[in-house]
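Residue numbers (our numbering): 1 to 102. Here is the structure we will look at, set down as structure tokens.
Quick look at the structure:
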């Protein structure tokens, strides 16, 4: 299982799952996925990243669990780390501006 939090987005523990779907032609399709456990704030970012292309999430299970396509875990992890770094830079810039105002 992959466990992602806002403080430790790189700690992961693999566990594979498969999601089975039936398309309009009644054909069964299995997608290999990875169970990800994350904070609700991280899940919101993942949902936002997935909303643009629908390339990452196989199944949205509950408030803190998702199944992510096995082939997309590394890419999603990189995008998530980039997004978290953007927020960290913005927060530190705001702190610097507050210090300058004092």
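Just so it is clear, CB atoms sit at the ideal spot from N, CA and C, and this is done for glycine as well. Predicted model only: the values in this text are computed from it and were never measured.
Taking residue i and residue j to be in contact with their CB atoms under 8 Å, please state how far apart those CB atoms are, rounded to whole angstroms.
i          : j          : result
residue 47 : residue 67 : Not a contact, Cβ separation roughly 13 Å.
residue 31 : residue 73 : Wrong, their Cβ atoms sit about 13 Å apart, outside the cutoff.
Specify the secondary structure class of residue i as computed by DSSP and reduced to three states.
i          : result
residue 54 : coil
residue 63 : coil
residue 37 : strand
residue 44 : helix
Could you tell me if residue i is buried or exposed, where buried requires 16 or more neighbouring beta carbons within 10 angstroms of its beta carbon?
i          : result
residue 28 : exposed
residue 82 : exposed
residue 50 : buried
residue 80 : buried
Is the beta carbon of residue i less than 9 Å from the beta carbon of residue j?
i          : j          : result
residue 64 : residue 77 : no
residue 69 : residue 33 : yes
residue 56 : residue 26 : no
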